[in-house]
Amino acid sequence: MLSVYLGNIYTLNAPLSDQIVLFLSRPSPLFTAIVNSAGHFIGRQRSRELATSHLSEALIVIYNVLKKMLQRLCNNQQQEDYSNTDYHKEFLIRSLMGILLLSDHIDRNFGGIFIPSRSPFDIADFIDIVKLRTSSAEAKKTLATLRFMSRHFSDSEIPTYIRKMFEIN
1 MLSVYLGNIY TLNAPLSDQI VLFLSRPSPL FTAIVNSAGH FIGRQRSREL
51 ATSHLSEALI VIYNVLKKML QRLCNNQQQE DYSNTDYHKE FLIRSLMGIL
101 LLSDHIDRNF GGIFIPSRSP FDIADFIDIV KLRTSSAEAK KTLATLRFMS
151 RHFSDSEIPT YIRKMFEIN
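Per UniProt numbering, the sequence shown starts with residue 1, numbered consecutively.
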């Protein structure tokens with residue numbers, strides 16, 4: 001039985017109500033909150049371009065630090081055996097992806113992070129890192145998340161070779 005009528009109130013069983021909640025909820029509420037907060041921060045500033053520039057520069061610095069941490073972790077993994085290395089790698093890669101997504105959402109340029117000549121981020125390098133440093137299943141999830149949660153991936157100016165890099169054989 002899917003629901004029970006009690007007077008003028010319907011009650012739903014737990015599995016059905018869980019499915020309805022999942023259908024109605026946002027796919028990633030934390031990311032939505034972060035993007036909205038960044039937009040609110042930029043919107044409150046006198047010079048929105050300056051605020052966007054400062055926020056973008058901060059994200060670039062954090063991205064480069066995380067990338068360096070990932071490189072060191074991968075180099076240390078070859079020398080010694082660490083039990084949580086895969087977990088740490090996945091965390092760092094997801095953090096890098098989050099920064100790319102946030103940058104893409106606050107970037108007002110057409111094409112966002114996906115046009116190499118306009119972006120301070122090397123998206124091709126990130127895609128290579130994901131493909132080389134994670135399992136095939138994890139790479140598919142990460143690249144699909146980046147593709148479908150980005151703001152500018154569907155822009156017409158995105159180079160074809162960038163779009164093809166998102167394909168995993």
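Here a beta-carbon is modelled for each residue, glycine too, at the ideal position from N, C-alpha and C.
As a quick exercise: from the options, pick the residue whose alpha carbon is nearest that of residue i.
i: Thr85; options: Gly98, Met97, Leu70; result: Leu70
i: Met149; options: Lys131, Leu55, Ser103, Tyr161; result: Ser103
i: Lys89; options: Asn76, Thr52, Asn109; result: Asn76
i: Glu138; options: Ile168, Lys67, Tyr161; result: Ile168
i: Gly111; options: Asn36, Ser154, Gly43; result: Ser154
i: Ile34; options: Pro120, Gly98, Ile129; result: Gly98
i: residue 171; options: Ser136, Phe126, Arg46; result: Nothing can be reported for residue 171: it is not among the residues displayed for the chain, which extend from 1 to 169.
i: Leu73; options: Tyr87, Ile123, His152; result: Tyr87
So, using beta-carbon positions, are residue i and residue j closer together than 8 Å?
i: Phe114; j: Leu143; result: no
i: Leu55; j: Ile106; result: yes
i: Leu66; j: Leu96; result: yes
i: Phe133; j: Ile162; result: A small correction: the amino acid at residue 133 is Arg; Phe does not occupy that position in the sequence shown. The answer is no: Cβ separation not under 8 Å.
Exposed or buried, what is residue i when buried is set at 16 or more other beta-carbons lying within 10 Å of its beta-carbon?
i: Val130; result: buried
Any chance you could list the alpha helix (DSSP H) runs of at least 4 consecutive residues sitting entirely within the UniProt domain "CYRIA/CYRIB Rac1 binding" (13–163), in chain order?
-> 14–24, 29–44, 48–79, 85–106, 123–133, 136–149
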